[in-house]
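For reference, the structure is listed below as structure tokens.
In the UniProt record's numbering, the protein residues as written are 1 to 176.
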């Protein structure tokens, strides 16, 4: 942050270089995610993964049992991360083009690559770490603000009792 304050943000040549650096960082981040997807497809781990997805606090729908493979789960998580990357690009575009902020370009260029390299799919498929503890699938997410205020858990449940109760029919009849 201290480095960003010392950069010549009024110099148009420097701002142009900063834009190029930001775009390059985003392209590198996307390339890393595409490489991770290639590695996932190459491993083709078809181990079955079952977990209970909790209900969304804002929705009336109940959470349900999710049965997938490790390959599909990892591809889904990588896809979510890529969508988050595009959302960040859109937000940064708004801040820079419309609001005329230049300082976040420098910080986001660094933070994006750092975030990609520290992501759970990268730890598993780039660095070859074991899927244990924090990297065990399904990945645990940090509690959100709504979860902290309401006390409702939005964590996926992987214990046998939760999976067994989710597999039972609810008894509701659906008309055909």
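Note that the Cβ used here is the ideal one computed from N, Cα and C, for glycine as well. All values reported here derive from a predicted model rather than from experimental measurement.
Going by DSSP in three states, residue i sits in which element: helix, strand or coil?
i	result
residue 140	coil
residue 22	helix
residue 90	helix
residue 11	coil
residue 127	coil
residue 75	helix
residue 29	helix
residue 46	coil
residue 156	coil
residue 17	helix
Look at residue i and residue j and say whether their C-beta atoms are less than 7 angstroms apart.
i	j	result
residue 40	residue 116	no
residue 103	residue 25	no
residue 37	residue 78	yes
residue 68	residue 49	yes
residue 35	residue 105	no
residue 129	residue 123	yes
residue 87	residue 29	no
Based on the DSSP secondary-structure assignment, which residues constitute the bridge partners of residue i?
i	result
residue 51	66
Look at the alpha carbon of residue i and the alpha carbon of residue j, and state the distance between them as a whole number of angstroms.
i	j	result
residue 131	residue 137	7 angstroms
residue 46	residue 73	10 angstroms
residue 12	residue 65	54 angstroms
residue 83	residue 42	22 angstroms
residue 55	residue 135	23 angstroms
residue 71	residue 9	44 angstroms
residue 96	residue 15	11 angstroms
residue 81	residue 19	22 angstroms
residue 7	residue 114	21 angstroms
residue 91	residue 133	33 angstroms
residue 51	residue 141	14 angstroms
residue 176	residue 156	With a pLDDT of only 47 at residue 176, under 50, the local geometry of the prediction cannot be trusted, and the value read off the model is given with reservation. Taking the straight line from one Cα to the other gives about 31 angstroms.
residue 126	residue 17	29 angstroms
residue 100	residue 2	20 angstroms
Considering residue i, what are the terminal residues of the alpha helix (DSSP H) in which it resides?
i	result
residue 185	Past the boundaries of the shown model lies residue 185; the chain is included only from 1 to 176, so the question cannot be answered.
residue 4	2-5
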